[in-house]
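Colleague: Residue numbers (this note's numbering): 498 to 1137. Got a structure here, written out as structure tokens. Questions coming.
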Amino acid sequence: MKKYILGFVITIACVANLKAQQTQKPPLHGKDWVAITGKPLAATAGSMVFQKGGNAVDAACAMLAATCTMWDVLSWGGETQALIYNPKTKKVIAISAMGFAPTGATPAFFKGKGFNYPPEYGPLAATTPGTPGGICLMLANYGSMSLKEVLAPAMDLAAGYPIDAQTANSIERGKALIKTWPYSKKVLLPHLGEKREAPEAGEIFVQKDLLNTLQKMVDAEQAALKQGKSRKEAIWAAYDRFYKGDIADEFVRGVQEQGGLITKEDLINWRPTEEAPSMVNYKGIDVYKLQAWTQGPSLLQALNIVENFDLKKMGYNSADYMHTIYQAMNLSFADRDFYYGDPKFATNQPMTGLLSKAYAKQRAAEIDMAKNNANAGPGDPYPFEGKTNPYMDLIKAKGFQPSTDTAKNKSGFAPAHDLRNTVALNSNEKLPIDADYMDRLWRGTTTVEAADKEGWIVSITPSGGWLPATIAGNTGVGMSQRMQSFVLDSAQSPFNVVAPGKRPRVTLTPSLAIKDGKPYMAFGVQGGDTQDQNLLQFFLNMVEFGMTVQEATEAANINSNQLWLSLGGTKIADRKPRPGSILLHDNVSEWVRKDLRARGYSLTFDDRTSGPINAILFDWKHGSMWGGSSNHGEDYGIAW
């Protein structure tokens, strides 16, 4: 009997352990390198470059080029944001290859055309292309291979590849708009006049114009090498042909023919740059994001806030935990929506105050554990820099009164134009959370994560030129749509008002973490305004709850709708926050649901709330790397 009981206990323990370790996709393990991105073929492109001796930067550039060619919710005319850890200098480098607003892009111009925001689609939605320049900058400064070698997989794809169902069906759904742009129609609709005008899944999809553009860049590089130029100089020769030469001429001609604003001077004046990243330390881990022309610092602010709570004691996805995370995100996003924008156009942006631990402690004190604060507004970080807030009149005009005393409270007042509806608030204004709203919230892109045994790590969140895209002339290059992330009124966001030469405040947000002076993790996710929501929880899943990297990519998260959307819509109401609206996983218990409703939340549910997240973890104990790739979408990784 004792033997039977012992055997039964061992069996139950083994089953429980198996269940605890089970994930829908297996984790990746690599000793030499790991390559992860949004499409299987693009991950293969990274592996091909690694196998030829390239480092993580070379492989990341190859994957980025491949995803652009495959229209993985982006194209070659889009934008690239990256963080690179250089093991030689032990520094994290931030890369901005975000295009800027073109000549003539002013609030008056767009308001004169009846817009509340710059448009979602078409030539007027386009910033200058950034991704080709971003690839050249990263490869020239930190790679080891030629542009010809790194672009070889993408050029092979452009010559013809079996298109996947997701992309092919996206083209078919958007064909009505695609037909309004002659160069897009030529490339993307090979079966014009038939019932299905887009390619079929598995059909060999050929992009001759794009292949010609990439070949011109490679030809410029190779000609420079023959002239005795260095590898780096030759890559910049390819850059010059895209931004200053015949490629630029055709790009601009195609833009302006279709009604766009971009000029040749805009392309010449734009340049990818390296800049200092933003960083906070969370319990001994340095977490890096890009500057406040992205939403990245909002994750850092949220980490600072939740550091004031015992999350582990609350328990993973308990009602208290979800409430605390939601409130911290509300506060950090309220600051994002008001204070973030291109730092190059600001002399008084309060990022030091926003990222200070003291400011986070004050914001944490505003959280009421008994209920959702439906009117969370921007705080006042300026005193934490020893300054006076020059925008207090704007904040008060919106109806908010930022706290200046942690002993006092708690919330501001809802501005008249910002009252919003949930079941809990009983407002008279009806703001739907429908399929169109969720598309604007989740609007995706892709991510690229690469690492190698030398310690190079790359995290990229590129985007722009997603389908349906306007192709610029005979270049094959789809134009960015990122202008829509600007606002036209300083009362809404004083740092993010459109202006020529300015970068929009984007949702795109790669992440790196360093621990004990060594690379710890690279992580990224697609999904519009949910990106730093999911990345915050992914990071806490590992650091607070001990999940493996694959478990953390698949774990159930929450999503908040209590923030201003950054993308889509034509009316102000399309982007307004939906206070108290929360997305939960289907498996959340009825007891937790009841608790959250009692705190003022309006609940929705889905069986996928976590991603798609991609990540690479350095396992220094065993001298290896772990890769995690979400079970949501087509994201895929390869390791060796």
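Each residue gets a CB set at the ideal place from its N, CA and C atoms; glycine is no exception.
With DSSP run on the structure shown, which of helix, strand or coil describes Thr944?
Modeller: In this structure, Thr944 counts as coil in the three-state DSSP scheme.
Colleague: When you compare the CB of Ala825 with every CB in chain D, is at least one pair closer than 7 Å?
Modeller: Here there is only one protein chain, and chain D is not present.
Colleague: Helix, strand or coil for Met1044, going by three-state DSSP, please let me know.
Modeller: In the structure shown, Met1044 sits in coil (DSSP, three-state: anything other than H, G, I, E or B).
Colleague: DSSP three-state label for Leu974, please.
Modeller: The amino acid at residue 974 is misidentified as Leu; the sequence shows Val. The answer is coil: DSSP assigns Val974 none of H, G, I, E or B.
Colleague: Whose C-beta lies closer than 7 Å to the C-beta of Asn514 among residues of the same chain, with five residues either side of it excluded?
Modeller: Bear in mind that a pLDDT of 39 at Asn514, under 50, signals an unreliable position, so the model cannot answer this.
Colleague: Alpha carbon to alpha carbon, how far is Gly1124 from Met848?
Modeller: Each residue's alpha carbon lies about 32 Å from the other.
Colleague: Pull up the distance between the alpha-carbon of Val994 and that of Trp953, whole angstroms please.
Modeller: Between Val994 and Trp953, the C-alpha separation is close to 36 Å.
Colleague: Just curious, the beta strand (DSSP E) that Asp817 is in, first and last residue?
Modeller: First-last for Asp817: 816-836, but that is the alpha helix (DSSP H), not the beta strand (DSSP E).
Colleague: Going by beta carbon distance, what residues of the same chain come within less than 7 Å of Pro1109, once the five residues before and after it are set aside?
Modeller: Cβ within range, chain order: Val1022, Gln1023, Ser1127, His1129, Gly1130, Asp1132.
Colleague: Buried or exposed for Trp790, please, with buried defined as at least 16 other CB atoms from any protein chain shown within 10 angstroms of its CB.
Modeller: That one is buried.
Colleague: To the nearest angstrom, how far is it from the Cα of Asp529 to the Cα of Glu946?
Modeller: Those two C-alpha atoms are separated by around 14 Å.
Colleague: Alpha carbon to alpha carbon, how far is Thr577 from Arg1000? Give it in angstroms, no decimals.
Modeller: So the alpha carbons of these two residues sit roughly 12 Å apart.
Colleague: Anyone know if the C-beta pair for Thr967 and Thr760 falls short of 7 Å?
Modeller: Not closer than 7 Å, so no.
Colleague: Quick one: what's got a C-beta closer than 7 Å to Leu851's C-beta in the same chain, skipping five residues either side?
Modeller: Result list for Leu851: Pro794, Gln798, Asp832, Tyr836, Pro878, in chain order.
Colleague: How close, in whole Å, do the beta carbons of Pro650 and Ile701 come, if the pair is a contact with beta carbons under 8 Å?
Modeller: About 16 Å separates the two Cβ atoms, so there is no contact after all.
Colleague: Counting beta carbon pairs with one atom in the stretch 850-868 and one in the stretch 881-891, are three or more of them shorter than 8 Å?
Modeller: The stretch 881-891 is in contact with the stretch 850-868.
Colleague: Can you give me the C-alpha to C-alpha distance between His1082 and Asp817, rounded to a whole angstrom?
Modeller: Distance between the alpha carbons of His1082 and Asp817 is about 16 Å.
Colleague: Report all residues from its chain with a CB closer than 6 Å to the CB of Ala913; omit the five preceding and five following residues, and keep chain order.
Modeller: Because Ala913 carries a pLDDT of 30, less than 50, the predicted location of this residue cannot be relied on, and no value is offered for it.
Colleague: Name the residue from Val955, Lys950, Lys610, Gly1066 whose alpha carbon lies nearest to the alpha carbon of Leu930.
Modeller: It is Ile, not Leu, that sits at residue 930 in the sequence shown. Nearest C-alpha to Ile930: Gly1066.
Colleague: Can you tell me where the beta strand (DSSP E) holding Lys729 begins and where it ends?
Modeller: Segment 728-740 is the alpha helix (DSSP H) holding Lys729; no beta strand (DSSP E) there.
Colleague: Buried or exposed for Thr677, please, with buried defined as at least 16 other CB atoms from any protein chain shown within 10 angstroms of its CB.
Modeller: The residue is exposed, with fewer than 16 neighbouring Cβ atoms inside 10 Å.
Colleague: Since Ser681 is in the beta strand (DSSP E), which residue starts that stretch and which ends it?
Modeller: Run containing Ser681: none in the beta strand (DSSP E); it sits in the alpha helix (DSSP H), 679-685.
Colleague: Quick one: Cα of Asp1029 to Cα of Leu796, how far?
Modeller: In a straight line, the C-alpha of Asp1029 is about 6 Å away from that of Leu796.
Colleague: Is any heavy atom in the ligand SAH found nearer than 6 Å to the beta carbon of Tyr680?
Modeller: Questions concerning the ligand SAH fall outside what the structure shown contains, since it holds no ligand whatsoever.
Colleague: Taking buried to mean at least 16 other C-beta atoms within 10 Å of its own C-beta, is Pro696 buried or exposed?
Modeller: Per the 10 Å Cβ criterion, buried.
Colleague: Apply the 10 Å Cβ neighbour rule to Met866 and answer buried if 16 or more other Cβ atoms are within range, or exposed otherwise.
Modeller: Exposed, because fewer than 16 other Cβ atoms sit within 10 Å of the Cβ of Met866.
Colleague: Less than 7 Å between the beta carbons of Thr942 and Val554, yes or no?
Modeller: No, the pair does not count as a contact, with Cβ atoms beyond the cut-off.
Colleague: Pick helix, strand or coil for Ala602, following the three-state DSSP scheme.
Modeller: Here Ala602 sits in coil by DSSP.
Colleague: If we count the other Cβ atoms within 10 Å of its Cβ and call it buried at 16 or more, is Arg670 buried or exposed?
Modeller: Exposed: under 16 other Cβ atoms inside 10 Å.
Colleague: Per the DSSP calculation, Tyr785 is bridged to which residue(s)?
Modeller: Answer by DSSP bridge pairing, in chain order: Met776, Leu1009.
Colleague: Does the beta-carbon of Gly812 have 16 or more other beta-carbons within 10 angstroms, so that it is buried, or is it exposed?
Modeller: Counting Cβ neighbours within 10 Å, Gly812 comes out exposed, since fewer than 16 surround it.
Colleague: Assuming Leu764 and Tyr740 form a contact by the criterion Cβ under 8 Å, report the distance between their Cβ atoms to the nearest whole angstrom.
Modeller: That pair is a contact at about 5 Å.
Colleague: Provide the residue span of the beta strand (DSSP E) that contains Leu580, from first to last.
Modeller: 577-583 is the extent of the beta strand (DSSP E) around Leu580.
Colleague: Between the beta-carbon of Ala857 and the beta-carbon of Asn801, is there less than 7 Å?
Modeller: Yes, they are a contact pair.
Colleague: Tell me whether Asp1163 is buried or exposed, calling it buried when 16 or more other Cβ atoms sit within 10 Å of its Cβ.
Modeller: Look at the range of the chain in this structure, 498 to 1137, and you will see that residue 1163 is not part of it.
Colleague: Within 10 angstroms of its Cβ, does Ser775 collect 16 or more other Cβ (buried), or is it exposed?
Modeller: Ser775 comes out buried.
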